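If you use my numbering, the sequence shown corresponds to residues 2 to 518, in order.
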Amino acid sequence: MQDSNKTSNSGETVQDTGPDIRSRNVNNYSYLNHVTEDTFTVEEAVEAIGFGKFQWKLSLLTGCAWMADAMELMILSIISPQLKCDWRLYAWEEALITTVVFVGMMLSSSLWGNICDRYGRRTGLILCVVWTFYMGLLSSFSPTLVWILLLRGLVGFGVGGVPQSVTLYAEFLPVKSRATCIMLIEIFWAVGTCLEVLLAIIVMPTLGWRWLLGFSSLPLLLFSLACKWIPESPRYNVLSGKPEKAYETLKRIALENKTAMPMGKLICCKQENRGRLQDLFETKQIGKTTVLLWIIWFNCAFAYYGLVLMTTELFQVQASAGSECFTVSSNTTNDCNMVCKTLTQKDYVDLLWTTIAEFPGVIITLAIIEFLGRKKTMAVDLLGFTVFCFLLLICTSRSVMIAFLFSARAFISGAFQAAYVYTPEVYPTNVRAIGLGSCSGVARLGAIITPFVAQVMLRSSEPMAVSIYGIVSFLAGIACLLLPIETKGRSMQETAKDKSTQQLDGNFSMSEVNSTE
């Protein structure tokens, strides 16, 4: 067989890929020489195919992953008070049960992002879901505190990769549907948190926390079985030099949606280096965006999970105080490992009410995100959380306190979900997964710290604990306004310096796949 690669007199390497396509490598760049003929990119194909039956199915599956993730994290605020009583734990030991989960998430978030950028979004997602299910089920058999800490930490290691489902999901969505669809995924998160509380109401009084852990891991098993249907992202395939697979996926989506593929040839731009953390600082603009997003994500996790944990703590402290209006500092003398208050049926019902706040939170955010844009929406949500957070310092009745918690939960959940919309939109394809993974990792740092504020400091000084959440959220709101890029109506970029999705910079090689449509 004759070799199709030739060397010119100038030392350039020329690869013959067909009668009208040639790829030349000059100074680490590859340029496309071809006759004037219609071509299209994955971005253009996704826009032409539009939103249809395929995206509805993918929305349901991504939502199931999100729901399972929410259940695994919501359970922390439910089992911690019970384990404190069952095993006679100190406050700092109770806080560790939550902290180890987020330590695992922090350590694994960038790793899962790297795996998804190098080996595929679908591959990384399946691995992390199977891992999380297995470790979650094992944790229900934990005999001691050490075992529960170890196994829940490994659960957190797997959960750190679940946000990559948003990366995969976003890459199949046309621009006009992207923000709405990603925001609506939050509904599944809200369903997951509410389902966990309802499950606790049924299971905890009769079967106990071990059965609750076991039941809570089952949705992950169902999702892992359904992952066989999910295709690999065509955006990932084109950057991996697999144009045939990208084209077949796009063709499948077009057939399922009953729409036509664009005419011409699919351009494939292979990039050798993908999923590197240093690429998040490739340009000044992307570098500034990365730093500000890390601040925003840190606060979102710090404030969101802090509020979730603080809700059950406030119920317990108020029960110990024996009055509607209370100060936390007056109860510190009773806070030892031999005296505890388990959550009552009334506590579970009130916890359900505050959890339901995530539904209006996502609706309000969805209503304003296309009007104000991503940056201002996050800022408004964080400012709203700050206001209601400081209102918790007012000495008031339990019902009013629940109303404040409800409102604060709505705003912080909206801000968190708006960050999930903005982040995959602002990063280019070659670093999208590692960008989201790094933000998720920094967020887990905030989640690691928050139990010691919401569960330990709160019992010593409520004003100090609540004020910390308010101040940090206010600063994060300012960071939102300082973001250099607004992604409203903006198409997804392929590279950091690619403003038209066709202007390439980096170590690429290009090829085309003929459309038979």
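Virtual Cβ for every residue (Gly too), placed ideally from N, Cα, C.
Please read all numbers here as calculations on a predicted model, not as lab measurements.
Do the stretch 298-306 and the stretch 406-418 touch if we need at least three Cβ pairs shorter than 8 Å?
Enough Cβ pairs lie closer than 8 Å, so yes.
If I follow the unbroken alpha helix (DSSP H) through residue 358, where does it start and stop?
Counting along the chain, residue 358 sits inside no alpha helix (DSSP H), nor does DSSP assign it H or E at all.
So, residue 166 versus residue 153, is the Cβ gap smaller than 8 Å?
Not closer than 8 Å, so no.
What does the alpha-carbon distance come out to for the pair residue 359 and residue 410?
Cα to Cα, the separation comes out at about 6 Å.
Throw me the rounded Cβ distance for the residue 481 and residue 297 pair, which I believe falls under 8 Å.
Rounded to the nearest angstrom, the Cβ distance from residue 481 to residue 297 is 6 Å, consistent with a contact under 8 Å.
Using the Cβ count rule (16 or more neighbours within 10 Å means buried), how would you classify residue 39?
So residue 39 ends up on the exposed side.
Which runs of the alpha helix (DSSP H) spanning at least 4 residues fall entirely within the stretch 64-118, listed in chain order?
Counting only runs of at least 4 residues, the stretch 64-118 fully encloses the following alpha helix (DSSP H) elements, listed from N- to C-terminal order: 77-87.
Residue ranges of each alpha helix (DSSP H) run of no fewer than 4 residues wholly in the stretch 388-473, ordered along the chain?
DSSP runs (the alpha helix (DSSP H)) wholly in the stretch 388-473: 399-427, 433-452.
With distances taken from CA atoms, which of 112, 463, 160, 110 is nearest residue 392?
Out of 112, 463, 160, 110, 463 has the C-alpha closest to the C-alpha of residue 392.
Tell me whether residue 262 sits in a helix, a strand or coil according to DSSP, three-state version.
DSSP places residue 262 in coil when its eight states are reduced to three.
Tell me, to the nearest whole angstrom, how far the beta carbon of residue 247 is from that of residue 238; I am working on the premise that it is less than 8 Å.
With a Cβ gap of about 4 Å, residue 247 and residue 238 count as contacting.
Compare the beta carbon distance of residue 220 and residue 253 with 8 Å and say whether it is the shorter of the two.
No, they are not a contact pair.
Quick check on the burial criterion: 16 or more other C-beta atoms within 10 angstroms. Buried or exposed for residue 400?
That one is exposed.
How would you write the range of the alpha helix (DSSP H) that residue 215 sits in, first residue to last?
The continuous alpha helix (DSSP H) containing residue 215 extends over residues 210-227.
In whole angstroms, what is the alpha-carbon distance linking residue 407 and residue 266?
Cα to Cα, residue 407 sits roughly 52 Å from residue 266.
What are the boundary residues of the alpha helix (DSSP H) that residue 177 is part of?
Here the alpha helix (DSSP H) through residue 177 covers 176-204.
Under the three-state DSSP convention, the category residue 55 falls into:
In the three-state scheme derived from DSSP, where H, G and I count as helix and E and B as strand, residue 55 is classed as helix.
Roughly how many angstroms lie between the CA atoms of residue 375 and residue 47, to the nearest whole one?
In a straight line, the C-alpha of residue 375 is about 22 Å away from that of residue 47.
Alpha carbon to alpha carbon, how far is residue 131 from residue 356? Give it in angstroms, no decimals.
For residue 356 and residue 131, the distance between alpha carbons rounds to 27 Å.
CB of residue 449 within 8 Å of CB of residue 107, strictly:
Between residue 449 and residue 107, the C-beta spacing is below 8 Å.
Determine the contact status of residue 424 and residue 293, defining contact as a CB-CB distance below 8 Å.
Not closer than 8 Å, so no.
Using the rule of at least 16 other Cβ atoms within 10 Å of the residue's Cβ for burial, across every protein chain shown, is residue 490 buried or exposed?
Residue environment for residue 490: exposed (fewer than 16 other C-beta atoms within 10 angstroms of its C-beta).
Under the three-state reduction of DSSP, which class applies to residue 163: helix, strand or coil?
Coil, per DSSP.
Could you check the C-alpha separation between residue 439 and residue 373 for me, to the nearest Å?
Answer to the nearest angstrom: the Cα atoms are 26 Å apart.
Where residue 286 and residue 199 are concerned, what is the direct C-alpha to C-alpha distance, given to the nearest angstrom?
About 45 Å.
For the alpha helix (DSSP H) containing residue 121, name the first residue and the last one.
Taken as a continuous stretch (DSSP letters only), residue 121 belongs to no alpha helix (DSSP H), as it is neither H nor E.
C-alpha distance - residue 67 paired with residue 89, whole-angstrom precision:
Using only the alpha carbons, I get a separation of about 33 Å.
So is residue 394 buried or exposed if we call it buried at 16+ other beta carbons inside 10 Å?
An exposed status is given to residue 394, since fewer than 16 other beta-carbon atoms sit within 10 Å of its beta-carbon.
Would you give the residue range spanned by the alpha helix (DSSP H) that residue 240 belongs to?
For residue 240, the enclosing alpha helix (DSSP H) begins and ends at 235-240.
Among the residues of its own chain, which have a CB less than 7 Å from the CB of residue 433, if the five just before and after it don't count?
Here residue 433 has 168, 425 as same chain residues with Cβ atoms under 7 Å from its own Cβ, once five neighbours each way along the sequence are excluded.
Can you look up residue 246 in the DSSP assignment and give me helix, strand or coil?
Looking at residue 246 - three-state DSSP - the assignment turns out to be helix.
With distances taken Cα to Cα, identify the nearest neighbour of residue 113 among 202, 129, 225.
Looking from the CA of residue 113, the closest CA among 202, 129, 225 belongs to 129.
Residue 488 vs residue 427 beta-carbon contact at 8 Å
Yes. Within cutoff.
Specify whether the stretch 94-109 and the stretch 190-205 touch according to this definition: at least 3 beta carbon pairs, one from each stretch, less than 8 Å apart.
Under the Cβ criterion (8 Å, minimum of three pairs), the stretch 94-109 does not count as touching the stretch 190-205.
Here's a check: name, in chain order, each residue in its chain whose Cβ is nearer than 6 Å to the Cβ of residue 470, leaving out the five neighbours to either side.
Within the same chain, residue 470 has close Cβ partners 304, 307, 390.
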